[in-house]
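By the count of UniProt numbering, the sequence shown reaches residue 257 at its end, each step adding exactly one.
Built from N, CA and C at the ideal position, the CB exists for glycine as well.
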Amino acid sequence: MLAETEMCLNDLCESLIDTFWDQSALFGTLDAPGETINKVLSKITLKKIKKRRKKFRKLTKNNCPISEYARAKSNADQSIKADRKAQHAKLHKKITDQILNNDSKSYWRYIKSITGKSFQSIADGPVYDKNKKLCTEKLEKIKIWTNHFSELAKDTTGNSRCADKWEKLISSDCDYYPECDSTIVWSDITDALRDTPNNKAPGADGVPSEVWKLVMAEPSPSSSLAKLIHKIINLMYDTGDIPKCLETSVVVPVPKK
């Protein structure tokens, strides 16, 4: 059990994430869902299509006048057009309801399914460098984005670079909070997990927050996952270190018009 091993903080976190993915693959949760086909044509239209096909087969054997086949084809085409028009109106009503009900998540999911555009395809487009030069090469774009966010993250005030600036401003004999010396209890962890929103994109590890929330109902860390989460968080709190696998951030640039 990972919670009982004497591993360093980095190895402990990496083993936890690897175990999660191994278990997900074992239970088949990583497999792509089966293809679903939305039914657009009604049963009446399908019957007309079958009738048209029968007329066409008879026509090829000279057992049906061409006027009967033309009539069957016209009826099938009109019924197909009517069904597609009704489906289009149904989708429009669905979008309208999503907007009126402020269901932006479903609305944008539908927009992406129609246009074929996702955040990945948008973010992977060409970018301008500082000299207004258009860049399309992947490595060049990575350098441009790295420089851009590095400039945004710079500490221009110098307040965050070292503690020397604040040593003279803070009295050394002032009282401190004694609870800072205490370990983090399990209720603190479950409260933090409960405040974590659902349906959010995971971090670099690919593990959604709903996975960690599986331990919220435990009054004390009894499962292997709960014990491991409790151990990792207390190690981070006691040592002041953050595992390398948790330091990576995923930044999605959103272009503006």
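State the CB to CB distance for the pair residue i and residue j, rounded to an integer number of angstroms; the pair is presumed to be in contact (CB under 8 Å).
i           : j    : result
residue 258 : N198 : Since the first residue of the chain shown is 1 and the last is 257, residue 258 is not available in this structure.
At the level of alpha carbons, what is the spacing between residue i and residue j?
i           : j    : result
residue 258 : I189 : Residue 258 is absent from the model: the chain starts at 1 and stops at 257.
R53         : A76  : 10 Å
residue 258 : L134 : The question about residue 258 has no answer, for the chain in this structure spans 1 to 257.
P126        : L152 : 20 Å
S187        : T5   : 23 Å
W212        : A86  : 43 Å
K58         : K81  : 25 Å
D164        : D155 : 15 Å
I232        : D175 : 29 Å
I144        : S74  : 58 Å
I170        : A201 : 40 Å
Q23         : S223 : 15 Å
K43         : K93  : 22 Å
I66         : I95  : 43 Å
L139        : D97  : 43 Å
D181        : T157 : 31 Å
Y177        : N159 : 23 Å
H88         : I142 : 41 Å
W166        : K132 : 41 Å
Determine the contact status of residue i and residue j, defining contact as a CB-CB distance below 9 Å.
i    : j    : result
Y110 : L91  : yes
L26  : T239 : no
P221 : I229 : yes
N147 : K168 : no
Can you list, in chain order, the residues of its chain with a C-beta nearer than 6 Å to that of residue i? Leave out the 5 residues immediately preceding and following it.
i    : result
K51  : A72
S79  : T45 and K48
A217 : none
N234 : T183 and I184
T136 : P126
L225 : V215
K105 : none
Short of 7 Å in beta carbon distance, which residues of its chain neighbour residue i, apart from the five on each side in sequence? Order them along the chain.
i    : result
R84  : V40
D191 : none
V207 : I17 and F20
E68  : K55
F149 : V251
D241 : L9
D205 : I17 and C245
May I ask whether a heavy atom of the ligand MG can be found less than 8 Å away from the beta carbon of residue i?
i    : result
S106 : Absent from the structure shown: the ligand MG. Ligands present: none.
Could you name the residues of the same chain whose beta carbon sits closer than 8 Å to that of residue i, not counting the 5 residues immediately before and after it, in chain order?
i    : result
M7   : S15
Y237 : T183 and I184
L193 : S209, W212, K213, V215 and M216
S121 : Interpretation of S121 is limited by its pLDDT of 49, a score under 50 that renders its predicted location unreliable; the figure taken from the coordinates is listed afterwards. Here the set comprises nothing.
T36  : Residue confidence is low: T36 scores 43 on pLDDT, short of 50, so the model does not pin down where it sits. No coordinate-derived value is stated.
S249 : G203 and A204
Discussion item. Does the region 97-116 come into contact with the region 59-69, if we say contact requires no fewer than three beta-carbon pairs (one atom in each stretch) closer than 8 Å?
Written reply: In short, these stretches do not touch, since the Cβ pair count stays below three.
Worksheet item: Does the region 10-21 come close enough to the region 238-245 to have 3 or more Cβ pairs within less than 8 Å?
Response: yes
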